[in-house]
Each structure stands twice: as structure tokens, then as C-alpha cells.
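Going letter by letter, the sequence shown gives residues 1 to 115 in this note's numbering. From the three backbone atoms N, C-alpha and C, an ideal C-beta is built for every residue, glycine too. Okay, so here's the structure we're looking at.
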Amino acid sequence: MSTPVSSIRNLGPAVESALARAGVPDAETLREIGAHEAYGRMLRAGTKPHFIGYYVMHMALQGRPWNDCRGKEKEDLRARFDALCAEVSGDGRPLSGIEKVLDEIGVRPKAGPRG
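As C-alpha cells, this is what we get:
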């Protein structure tokens, strides 16, 4: 029997739906592949990049509160997130300037060429 993704603290129905669209049907699969791989699949399936969603998933899989991510840990996750976004977008460039700020607060137009 599979366990719903939304049974994991801080991951609700919206994340559950986005993961299902990305081929991650349940909590067991999410735990098996990890937050980084799961988020990459979500991006490839059309989810807009959002750094907070990325680190919340990491915290959730560790059983930690979503806002427990701070300091060096948050900086390291940000670097991994930027690299993942660059990989998925295909241009190899991490977000910078206004795009980075807009992404941090979750406001950004649909992903496309940056330049």
C-alpha cells in the first residue's frame, strides 16, 4: 500500500499533485529518490522553480520544520537549486540579479531563455 505524499509534514495537496504529474506517485517513492531528484522531475514536468518549495521538501524529508533551514545549509541548498534550474533550463546558467530575487519570493514569469 502506498502512502500519500501529503502525509509528510509540510507537503500538501499541491505538492502531491505536482509530484504525481512528475511521476512520483507516493511518499515511498519520494523518500527513495530524495528531494533533489523529485524537484528536478517536477521542473521537467512544468512546475515553475521556487527555492522555498525546494528547501521545504528537503526539510520535510528530514522531519524538520520548513523554516529550520538557515545559514550555510540554506546557502548550500540554494547553490544546488540554482544548478538544478540551470540544468533543467538547458542554458547552464544559474539565476542572477532580479531573477534570483523574484524566484526567492516566488514571483517570476514562465521559464524561458535568460539573457
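Inset, instruction - Taking residue 52 as the reference, give the member of 87, 16, 81 with the closest Cα. - result: Of the listed residues, the one whose Cα sits closest to residue 52 is 81.
Legend entry - Integer-rounded CB distance, given that residue 6 should sit under 8 Å from residue 28: So it is not a contact: roughly 13 Å between Cβ atoms.
Inset, instruction - Answer with buried or exposed for residue 22, where buried requires no fewer than 16 other C-beta atoms within 10 angstroms of its C-beta. - result: Buried, because 16 or more other Cβ atoms sit within 10 Å of the Cβ of residue 22.
Inset, instruction - Taking the CB atoms as reference points, tell me whether residue 61 and residue 31 lie closer together than 8 Å. - result: Against a cut-off of 8 Å, the Cβ pair of residue 31 and residue 61 comes out as a contact.
Inset, instruction - Please report how far the alpha carbon of residue 68 lies from the alpha carbon of residue 56, in whole angstroms. - result: Rounded to whole angstroms, residue 68 to residue 56 spans 9 Å at the Cα level.
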